[in-house]
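Note sheet for the following structure.
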Amino acid sequence: MKTRRSRARGSMMLELTIASGLSVIVIGLLVMTELGALREYQRALSRNAASRGAYNALREVRNIAQQAVQVSVSGGIQSTLLLPLRDASGTIRLPVQPDTTNPVTLSVNFGTGTLTMTVGGNMRVLLTGISDRTPQGAFYSPFTLTQYAPGVQVLHVRLSVRQGNSNTASVAWFEETILLRNASSP
């Protein structure tokens with residue numbers, strides 16, 4: 468009788484140990500799944516923030532570039548836009564002349580990963596996280612100016628933006644082609 472009871476007790480302990488082990492495994496898997504989902508959610512937030520920042524920066528560049536009278540690109544990393552000369556009330560003076568005293572300078576610094584805009588001596592960072600390579604790993608020039616016809620130029624703005632802060636962050640490619648009518652090169 469004594470052996471039967473100890474066998475039953477031992478068998479219950481074994482069942483309890485196995486059930487506890489399985490419970491720990493299931494709970495561990497649930498926690499790992501939740502952590503994986505939270506990591507993916509954080510990556511998606513980083514991608515959305517990078518995309519939103521890049522689109523806002525490109526929209527601002529496009530709005531200013533479309534007003535330009537004269538555009539130049541130096542070294543592929545800096546673009547200078549000369550807006551029309553205006554009188555004291557803000558009206559464009561005719562005939563249209565470039566305002567050489569207040570150029571708009573767009574520059575990309577790959578060392579700091581920033582796109583900056585300088586207007587009238589005031590510098591402003593439009594975008595951070597810029598990479599010097601495309602998502603495929605090739606080097607690129609952020610600014611290119613192409614003449615298609617007399618009085619018709621196109622300013623290509625290309626940006627490779629890191630999505631996230633880590634070294635393993637993915638890189639997204641953003642490109643804007645801005646048609647510049649009545650703009651000239653110096």
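According to the numbering used here, the sequence shown is numbered sequentially starting from 468.
Where is the CB? At the ideal position from N, CA and C, for every residue including glycine.
Integer Cβ distance of residue i from residue j, believed to fall under 8 Å
i       : j       : result
Pro-683 : Gln-537 : No answer is possible for residue 683: it lies beyond the span of the chain, which begins at 468 and ends at 653.
Val-540 : Leu-646 : With a Cβ gap of about 16 Å, Val-540 and Leu-646 do not count as contacting.
Arg-591 : Thr-581 : Rounded, the Cβ-Cβ distance is 10 Å, inconsistent with contact.
Ala-636 : Arg-625 : Going by Cβ atoms, the distance from Ala-636 to Arg-625 rounds to 19 Å, so no, they are not a contact pair.
Gln-545 : Thr-572 : 7 Å
Asn-444 : Gly-542 : Because the chain here runs from 468 to 653, residue 444 falls outside it and cannot be looked at.
Glu-643 : Val-528 : 7 Å
Gly-631 : Arg-506 : Wrong, their Cβ atoms sit about 11 Å apart, outside the cutoff.
Pro-602 : Val-575 : With a Cβ gap of about 17 Å, Pro-602 and Val-575 do not count as contacting.
Among the options, nearest to residue i - alpha-carbon criterion
i       : options                               : result
Thr-585 : Thr-547, Gly-578 and Gln-614          : Thr-547
Thr-550 : Arg-560, Val-621 and Leu-502          : Going by the sequence as given, residue 550 is Leu instead of Thr. Considering only alpha carbons, the answer is Arg-560.
Ile-597 : Gly-588, Ala-524, Val-621 and Ser-478 : Ala-524
Phe-641 : Arg-648, Asp-599 and Gln-614          : Asp-599
Asn-530 : Tyr-615, Val-638 and Leu-622          : Leu-622
Ala-517 : Ala-639, Arg-648 and Thr-644          : Ala-639
Thr-579 : Thr-595, Thr-567 and Asn-589          : Thr-595
Gly-604 : Asn-589, Ser-627, Met-479 and Phe-610 : Ser-627
Val-619 : Ala-532, Thr-558, Asn-576 and Asp-554 : Ala-532
Gln-614 : Arg-648, Met-479 and Asn-589          : Arg-648
Leu-593 : Tyr-522, Met-480, Thr-567 and Ser-490 : Tyr-522
Phe-577 : Tyr-607, Leu-502 and Ser-556          : Tyr-607
Simplified DSSP assignment, three categories, for residue i
i       : result
Ile-544 : coil
Ser-556 : coil
Gln-509 : helix
Thr-484 : helix
Ala-524 : helix
Val-493 : helix
Val-538 : strand
Residues bridged to residue i (per DSSP)
i       : result
Ser-581 : The sequence given here has Thr at residue 581, not Ser. Per DSSP, Asn-576 and Thr-595.
Val-571 : Leu-548 and Val-586
Gln-533 : According to DSSP, Gln-533 bridges with nothing at all.
Leu-612 : Leu-622
Ile-645 : Leu-622
Ala-639 : Val-628
Pro-565 : Pro-551
_Please give me, in chain order, every unbroken run of the beta strand (DSSP E) with length at least 3 that falls completely inside the stretch 584-609._
Counting whole runs of 3 or more residues, the stretch 584-609 contains the beta strand (DSSP E) stretches 589-595.
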